[in-house]
Amino acid sequence: MRQYKTRSNFLFNLFVNLVMLTSLLLCLIPFVYMIALSLSSPKAIINNEVFLWPKGFTLESYLQIFNYPNFFHAYGNTILYTFVGTGISLAMMILFAYPLSKTRLKGQKALMKLVIFSMFFTGGLIPNYLLVSSLGLINTRWAMLLPFAINQFNLILLINFFRTIPEDMEEAAIIDGLDYFGILLKIILPLSGAALATVGLYTAVFFWNDWFNGLIYLKSSQFPVMLFLRNIVTGTSMVGDAAGAGDKTTIAISIKSAVIITSTLPIIVLYPFLQRYFVKGIMIGAVKG
Amino acid sequence: MRKKRKDVNTITTKKYFARYWQLYLMLLLPLLYFLVFKYAPMIGNVLAFRRYRPGMGAWGTEWVGLTYFRRFFGDPAFWRAFRNTLILSLINLVINFPIPIIFAILVNEIRHLAFKRVVQTVSYMPRFISTVVVIAILGELLSPSSGIINILRERLFGLEAIYFMNDSKYFRMIYVLVDTWQYTGWTAIIYLAAITGIPSDLYEAATIDGANKAQQIMFVTIPSIMPTIMVMLILNVGRLLSLGFEKVLLMYTPDNSMVSDIIDTLVYRTGLANQNYSYATAIGLFSGLIGIVLVAGSNSLSKRLTGDGIY
Chain F
1256 MRQYKTRSNF LFNLFVNLVM LTSLLLCLIP FVYMIALSLS SPKAIINNEV FLWPKGFTLE
1316 SYLQIFNYPN FFHAYGNTIL YTFVGTGISL AMMILFAYPL SKTRLKGQKA LMKLVIFSMF
1376 FTGGLIPNYL LVSSLGLINT RWAMLLPFAI NQFNLILLIN FFRTIPEDME EAAIIDGLDY
1436 FGILLKIILP LSGAALATVG LYTAVFFWND WFNGLIYLKS SQFPVMLFLR NIVTGTSMVG
1496 DAAGAGDKTT IAISIKSAVI ITSTLPIIVL YPFLQRYFVK GIMIGAVKG
Chain U
2 MRKKRKDVNT ITTKKYFARY WQLYLMLLLP LLYFLVFKYA PMIGNVLAFR RYRPGMGAWG
62 TEWVGLTYFR RFFGDPAFWR AFRNTLILSL INLVINFPIP IIFAILVNEI RHLAFKRVVQ
122 TVSYMPRFIS TVVVIAILGE LLSPSSGIIN ILRERLFGLE AIYFMNDSKY FRMIYVLVDT
182 WQYTGWTAII YLAAITGIPS DLYEAATIDG ANKAQQIMFV TIPSIMPTIM VMLILNVGRL
242 LSLGFEKVLL MYTPDNSMVS DIIDTLVYRT GLANQNYSYA TAIGLFSGLI GIVLVAGSNS
302 LSKRLTGDGI Y
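So the sequences go chain by chain: F and U. The numbering used here applies: residue 1256 is where the first sequence begins, and numbers increase by one. The numbering used here applies: residue 2 is where the second sequence begins, and numbers increase by one.
As structure tokens, then:
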């Protein structure tokens, strides 16, 4: 262990820690800057006085967006899409993954090929749009939910997980008189908590962050909060009525920051606690037939 | 004899379904989903060869052969988008392929366990932030009037403010750096896992031979994770045409369109904004087919080189 005390190794460790500290700060500073902007007074922002700490502390921008009905509406829409979408998605993926995890099942190989092929070749934007359109889903909330019910990566992750559950447990259950629905509900699912949490989280994050499908399929009262934010950024939609024209841009900056923070808050707050489930997926999800 | 065998067969098939019918019942709905939402649009690609008339169905009205393909092959806007896609992808690959490897190696060298855990947790997080939020934050950081970057440039160096988001000179650099910010930590997980799998006696032997840390990385760590690096490289080459469409769309402005118009945004604009459905489908199908060739090619290369592919 004397090796660690050499000069070159000391310098090496210093280098590692410095680089890591820098990347840590680079990851965090954008968020800190947004929080600082959202809590600063318009005057401090216009004078370019805000860096990583709020100046002229005020909750004005949060009060404004909370009093803005469209923001609440969009936020509610996002919560709805996230919960219903994740629910549908999990149900569909479980129902497909369980039979597909049984390699002895006739037709299983062909179905796996069907799934994997669709990962590499897709319909493309226009055929997808025309499909949703001809199903009559345009301007309905289903357009946000149904087309994305199954993500093949998550499905394969679940299949791989189900395969790790020993089969003798099932055989014992069949002898005890359980059918396959009973096995799935009473044996497989209770053992799959971690995998379901992982897949559920990926799916929930997808629905929470989705905006493009809202843009092409929905009308404005159905917009999710991310599309609402995007429209503020592009100037398509305005938030808050600035009293003076000169104030307008700076007020917009603090309000934009407040929307950014509030719409990302659930992910930032929940992430540290659920982090292990997020990471688990990448390890068991190797894309393999 | 023949009759008997047939009987046996029907009985076992019957028995088979009597035993397994519930499994087939389960997969009925998801299978229907796949046929409707994944395979119908695939077949919908025939629209590239058919004329679309509004209100007369998603499949078009009559066959027109390769008309639309010929048209975009002669369209400078297509070639510009094609070139932009390739250039952006290649720059992204050259810069953002090695960075996660270096990052993983350095994370692995952190001695302080709590610090290591914090670095890992925080560096994975940007992967889960919405593209809209990332680009919105970027817009504020880089704003010419109030962005912290321009303020610092002015205060520290007396430089004039640059409208980064609107200037085609900076588009590619910004795109690539945002990718670095968002995906470095996440992609590094795979390399970290590979590094964790390296037997520790290799390092002990290197230490006894007098190798310092840098030498251990050069001669133990990197050679040991080389198979993982190769598979990841091949995977990335296979994905060369699929850039972050949403990110490009959010960063797209008329002023930077010379470099920011990629195939996907071209399809979006000609297809959904201008409703040239058949034309846009043809472009999309063409790039999809190139994508499939790249994936298949890189996969067989991977199998030949490493004995392992992705399917």
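Cβ coordinates follow ideal geometry from the N, Cα and C atoms, glycine included.
Exercise. Which of helix, strand or coil does DSSP assign to U:R128?
Worked result: helix
For this session: Take the Cβ of U:T13 as the centre, count every other Cβ of all protein chains shown within 10 Å, and call the residue buried at 16 or more, exposed below.
Result: exposed
Problem set entry | Min CB distance U:V179 to chain F below 7 angstroms | no
Problem set entry | F:K1474 classed as buried or exposed, judged by whether at least 16 other C-beta atoms fall within 10 angstroms | exposed
For this session: Label F:G1499 either buried or exposed according to how many other C-beta atoms from any shown protein chain fall within 10 Å of its C-beta, with 16 as the threshold for buried.
Result: Low local confidence applies: a pLDDT of 38 at F:G1499 is under 50, so the model's placement there is unreliable, with the coordinate-based value given in what follows. Answer is exposed; the Cβ neighbour count stays below 16.
Exercise. What is the DSSP secondary structure of F:R1396, reduced to helix, strand or coil?
Worked result: coil
Problem set entry | Given 8 angstroms, three or more beta-carbon pairs between the stretch 1475-1487 of chain F and the stretch 1325-1333 of chain F | yes
Exercise. Listed in chain order, which residues of the stretch 1406-1429 of chain F have Cβ atoms closer than 8 angstroms to some Cβ of chain U?
Worked result: none
Problem set entry | For F:W1466, three-class secondary structure by DSSP | coil
For this session: Using a Cβ-Cβ cut-off of less than 9 angstroms, list which residues of the stretch 50-77 of chain U approach chain F; keep chain order.
Result: Y53, G58, A59, W60
Exercise. Does the distance from the C-beta atom of U:P42 to that of F:P1421 stay below 7 angstroms?
Worked result: no
For this session: Would you mind stating whether F:F1528 and F:G1340 have Cβ atoms separated by less than 7 angstroms?
Result: no
For this session: Please state if the CB of U:S299 and the CB of U:I318 are separated by a distance shorter than 7 angstroms.
Result: This structure does not reach residue 318 of chain U, given that chain U is present from 2 up to 312, and the question cannot be answered.
Problem set entry | Check: F:N1332 C-beta below 6 angstroms from any heavy atom of the ligand MG | No copy of the ligand MG appears in this structure; indeed no ligand is present at all.
For this session: Can you grab the Cα-Cα spacing for the pair U:T266 / U:L273, in whole Å?
Result: 10 angstroms
Problem set entry | chain F within 7 angstroms of U:E161, Cβ atoms only | no
For this session: Find out if the Cβ-Cβ distance for the pair U:Y125, U:W187 is shorter than 7 angstroms.
Result: yes
For this session: Mind checking which residues open and close the alpha helix (DSSP H) that includes U:L250?
Result: 246-252
For this session: Output the distance between the C-alpha atoms of F:I1442 and F:N1409, rounded to the nearest integer angstrom.
Result: 21 angstroms
Problem set entry | Proximity below 7 angstroms, CB of U:I230 to CB of U:V177 | no
Problem set entry | Same chain, Cβ closer than 7 angstroms to U:Q217, neighbours up to 5 away in sequence not counted | Y204, A207
Exercise. Do you know offhand how far F:Y1526's Cα is from U:F129's?
Worked result: 9 angstroms
Exercise. If you compare alpha carbons, which of F:I1508, F:V1274, F:F1403 is closest to F:A1346?
Worked result: F:F1403
For this session: Starting from the beta carbon of U:V221, find every residue of chain F whose beta carbon is closer than 7 angstroms, and list them in chain order.
Result: Chain F residues near U:V221: none, gap ~14 angstroms exceeds 7 angstroms.
Problem set entry | Per DSSP, cross-strand counterpart(s) of U:E63 | U:R52
Exercise. Helix, strand or coil: which one does DSSP assign to U:E161?
Worked result: coil
Problem set entry | Check whether U:P31 and F:F1436 have beta carbons under 7 angstroms apart | no
For this session: Could you work out which residues of chain F lie near U:T13, taking near to mean beta carbons separated by less than 7 angstroms?
Result: Residues of chain F passing the Cβ test: none, with the nearest at roughly 11 angstroms.
Exercise. Which residues, taken in chain order from the stretch 1512-1536 of chain F, show a beta carbon closer than 7 angstroms to some beta carbon of chain U?
Worked result: S1512, I1515, S1518, T1519, I1522, Y1526, P1527, Q1530, F1533, V1534
Exercise. If we count Cβ pairs, one from each stretch, closer than 8 angstroms, do we get three or more for the stretch 104-114 of chain U versus the stretch 1454-1461 of chain F?
Worked result: no
Exercise. With burial defined as no fewer than 16 other Cβ atoms inside 10 Å of the residue's Cβ, what is the status of U:F172: buried or exposed?
Worked result: buried
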